[in-house]
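**Student:** Input: one structure, supplied below.
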Amino acid sequence: MIHAVLFDLDGTLIDTNELIIDSFKHTFEFFNKSIPTREDIIDCFGEPLHGTMSKFFDDGEQAVKVYREFNLKYHDERIDSYGNAKEMLKALKDKGIKLGIVTSKNKNTAIRGLKKCDLIDYFEVLVTSDDVEKHKPNKEPVLKACESLGVEPKNTLMVGDSIVDILSGKNAGSKTCGVLYSLMSEKLLKEEADYYIEDLMDLVDVVK
């Protein structure tokens with residue numbers, strides 16, 4: 006039985022995909038480096054930003070700074086929740102399901118996005134890259150959220166749009182659910198999550 010549902014944020018509850026892609030492109034342009042393909046950028050989704058930038062730039066910290074300046078400049082005008090996110094979250098809360106966020110974003114930006122989309126009040130716990138030493142796909146973020154909510158991983162569902170979300174849930178011993186409106190839907194299907202959904206409202210049936 007599912008007692009809690011944990012959500013990734015970007016690409017799962019909040020549509021930030023194009024903003025993230027453009028932020029990557031801007032950073033590479035700023036440093037006069039060859040811009041990766043759209044597919045290569047998408048493959049980095051779900052990773053902590055510092056780790057990703059360190060793979061591409063000698064000065065990862067400076068690259069993160071350039072990325073974030075662009076991202077935050079356009080953040081509020083270019084993001085929104087997926088259409089029925091609020092309806093789904095309310096339905097789960099009404100069923101007594103505990104809700105949490107497990108994201109690789111830093112805490113300030115995650116909170117800013119949740120507030121902008123009017124979603125923050127639905128969640129009892131927020132686990133970000135600032136809160137753990139090991140990031141998704143490691144089990145630590147999911148286990149930390151479960152501990153904070155007072156639930157067993159086996160009674161928890163981890164929902165996400167990227168491979169690292171599914172692997173983190175599996176590694177923690179939780180149930181997993183991939184969202185097929187993801188830009189990585191084909192790769193998600195190969196991870197054999199416990200559930201797949203086309204629409205967020207489908208989660209209401211999953212937790213019955």
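Going by the working numbering, the residue at position 77 of the sequence shown is 82; the numbering climbs one at a time, nothing skipped.
C-beta atoms are modelled at their ideal positions from N, C-alpha and C, and glycine is treated no differently.
Since we're looking at a predicted model, the values are computed, not measured.
Contact between the stretch 36 to 55 and the stretch 116 to 132 is defined here as three or more beta-carbon pairs at a separation below 8 Å; is this criterion met?
**Tutor:** In short, these stretches do not touch, since the Cβ pair count stays below three.
**Student:** Round the Cβ separation of residue 124 and residue 90 to the nearest angstrom and send it over; I've been treating them as touching at under 8 Å.
**Tutor:** With a Cβ gap of about 6 Å, residue 124 and residue 90 count as contacting.
**Student:** Taking only the alpha-carbon atoms, compute the straight-line gap between residue 173 and residue 185 and give it to the nearest angstrom.
**Tutor:** Cα to Cα, residue 173 sits roughly 18 Å from residue 185.
**Student:** Mapping DSSP to helix, strand and coil, what is residue 21?
**Tutor:** In this structure, residue 21 counts as coil in the three-state DSSP scheme.
**Student:** Can the beta-carbon of residue 151 be found closer than 8 Å to that of residue 142?
**Tutor:** Cβ distance not < 8 Å, so residue 151 and residue 142 don't count as in contact.
**Student:** In the stretch 76 to 132, which residue ranges form an unbroken beta strand (DSSP E) of at least 3 residues, counting only runs that do not cross its ends?
**Tutor:** Within the stretch 76 to 132, the complete beta strand (DSSP E) runs of at least 3 residues are 103 to 107 and 130 to 132.
**Student:** When you compare the CB positions of residue 1 and residue 86, do they come within less than 8 Å of one another, or not?
**Tutor:** In the structure as shown, the chain starts at 6 and stops at 213, and residue 1 therefore has no counterpart that could be examined.
**Student:** Which value, in whole angstroms, describes the spacing of the CA atoms of residue 45 and residue 74?
**Tutor:** Their Cα atoms are separated by approximately 22 Å.
**Student:** Just confirm the distance between the C-beta atoms of residue 211 and residue 202, as a whole number of angstroms; I'd bet it's less than 8 Å.
**Tutor:** That pair is a contact at about 7 Å.
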